[in-house]
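Trainee: Following this message is one structure expressed as structure tokens.
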Amino acid sequence: GERLTLLLCANASGSEKLPLRAVGDSPRPRCLRGVNLEQMPWSYRAGSLAGLSAPLFAEWLREFNEAMRRRGKSVLLLLAKHEAHPYLPLSNVRMVFIPPATSLAQPLDRGIASDLKGHYRRRLLRWLPAECGAGQPSLLDVLHMLAQAWGDVPPGLIASCFRAAGFTPDAGAGAVSLTSAPGLLSREQLERDGDPADGDEGMAEGEDEGELAAVPPCPSEREVWRSLATLRRYLECQATSPDLFQAFYELEDAVHMVS
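If you read the sequence shown in UniProt numbering, its first letter stands for residue 1, the second for the next number, and so on.
Structure (structure tokens):
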């Protein structure tokens, strides 16, 4: 399979995570044809077998700087000193390189990257039974699972990794609270709400067997996953905002919860 290099960036409080960028060795992956790449919750670039290159990283830096300029923000960007990390004089991003001798002080190496990998493995193992018979996941499937896994990394863990590396988030930053996604029900609630209420059992007055026969049967899990795949493809082609995929990911998680 294709090897990917991921570019991750988050602030010290964990309240903001930039969409991840993946660098692979396929210049024009077939699975990305027809996908509205500008509106995905991830981005993909073709690189060399060595992974991230200086030109690709410089491209990302300029995009990041432009995003900060539009928001009227000036930020400090902590980087490991590496040949693929060129210094650029930027208007809204100040680059600070951590010496190689203190590489373990990088917040990403304190648990952020490993937590992302754990969430990705969990989602991959969950994907395999759901897509039984579909073969190996495509690059497009993997990019979506990585975006979901990056979203699964909790802000509290990111903040604790920054503190463990010796960087303390601004005390004036707003606290981040984690709440359940609106509209999602637990398995117990779904099972309880699905029980027929008193007096609802059997045929209602005025209903005949012909009308009941017209009620569509409950779809199988395979049919549900095919429908979700169709919906995802529609969003990949027609989405007008990456935020739409967050709603889709929550729907997918809800289906996993009851299947």
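Where a beta carbon is used, it is the ideal one built from N, C-alpha and C, also for glycine.
Return helix, strand or coil for R71, following the three-state DSSP convention.
Mentor: In the sequence shown, counting from the first residue as 1, residue 71 sits at position 71. Three-state result, R71: helix.
Trainee: According to the neighbour-count rule (16 or more other Cβ atoms, all chains shown, within 10 Å of its Cβ), is Q238 buried or exposed?
Mentor: Here residue 238 is taken as the residue at index 238 of the sequence shown, counted from 1. Answer is exposed; the Cβ neighbour count stays below 16.
Trainee: Mind reading off the beta-carbon distance from W42 to P19? Whole number of angstroms is fine, and I expect it under 8 Å.
Mentor: If you number the sequence shown from 1, residue 42 lands on position 42. If you number the sequence shown from 1, residue 19 lands on position 19. Their Cβ separation, rounded to whole angstroms, is 6 Å, which keeps W42 and P19 in contact under 8 Å.
Trainee: Would you be able to state if there are at least three C-beta pairs under 8 Å between the segment 48 to 64 and the segment 77 to 95?
Mentor: Touching, per the Cβ criterion.
Trainee: Using a Cβ-Cβ cut-off of 7 Å (strictly less than) and excluding sequence neighbours within five positions of A159, which residues of its own chain qualify?
Mentor: As a first step, residue 159 must be located in the sequence shown, where it is residue number 159. So the list reads A12, S13, G14 and P169, once near-sequence residues are dropped.
Trainee: Below 7 Å between beta carbons: does that hold for M95 and L77?
Mentor: Taking the first residue of the sequence shown as 1, we reach residue 95 at position 95. Taking the first residue of the sequence shown as 1, we reach residue 77 at position 77. Cβ distance < 7 Å, so M95 and L77 count as in contact.
Trainee: In whole angstroms, what is the alpha-carbon distance linking L116 and V215?
Mentor: Within the sequence shown, residue 116 is the residue found at index 116, counting from 1. Within the sequence shown, residue 215 is the residue found at index 215, counting from 1. Roughly 43 Å separates the two Cα atoms.
Trainee: Restricting to Cα atoms, I'd like to know which of C31, A113, Q148 and R69 is closest to E250.
Mentor: The sequence position of residue 250 within the sequence shown is 250, counting from 1. E250 has its Cα closest to that of Q148, out of C31, A113, Q148 and R69.
Trainee: Can you pull the DSSP bridge partners for Y44?
Mentor: Position 44 of the sequence shown, counting from 1, holds the residue named residue 44. Per DSSP, A22.
Trainee: Helix, strand or coil, according to DSSP, for E191 in the structure here?
Mentor: Locating residue 191 in the sequence shown gives position 191, counting from the first residue. Because E191 sits at a pLDDT of 40, beneath the cut-off of 50, its placement in the model cannot be relied upon, and the point is left open.
Trainee: Tell me whether P219 is buried or exposed, calling it buried when 16 or more other Cβ atoms sit within 10 Å of its Cβ.
Mentor: Residue mapping note: residue 219 aligns to position 219 of the sequence shown, counting from 1. With fewer than 16 Cβ atoms within 10 Å of its Cβ, P219 is classed as exposed.
Trainee: Have a look at the DSSP bridge pairing and note the partners of V96.
Mentor: Locating residue 96 in the sequence shown gives position 96, where the first residue counts as 1. Per DSSP, L78.
Trainee: Could you check what DSSP says for T168 in three-state terms: helix, strand or coil?
Mentor: Working through the sequence shown from its first residue, we reach residue 168 at position 168. Correct three-state label for T168: coil.
Trainee: Rounded to the nearest angstrom, how far is the Cβ of L157 from that of G111, given a contact under 8 Å?
Mentor: Counting from one through the sequence shown, the residue named residue 157 turns up at place 157. Counting from one through the sequence shown, the residue named residue 111 turns up at place 111. At roughly 6 Å, the Cβ-Cβ gap stays under 8 Å, so L157 and G111 are in contact.
Trainee: How would you call P99, buried or exposed, if buried means at least 16 neighbouring beta carbons within 10 angstroms?
Mentor: If you number the sequence shown from 1, residue 99 lands on position 99. So P99 counts as exposed.
Trainee: If we count the other Cβ atoms within 10 Å of its Cβ and call it buried at 16 or more, is E38 buried or exposed?
Mentor: Taking the first residue of the sequence shown as position 1, residue 38 is located at position 38. Counting Cβ neighbours within 10 Å, E38 comes out exposed, since fewer than 16 surround it.
Trainee: Which value, in whole angstroms, describes the spacing of the CA atoms of A229 and P89?
Mentor: As a working note, residue 229 is residue 229 in the sequence shown. As a working note, residue 89 is residue 89 in the sequence shown. Using only the alpha carbons, I get a separation of about 43 Å.
Trainee: Starting from the C-beta of L79, find all residues in its chain whose C-beta is less than 8 Å away, skip the five residues before and the five after it, and write them out in chain order.
Mentor: As a working note, residue 79 is residue 79 in the sequence shown. Excluding residues within five positions, the ones whose Cβ falls inside 8 Å are H85, M95, V96, F97 and I98.
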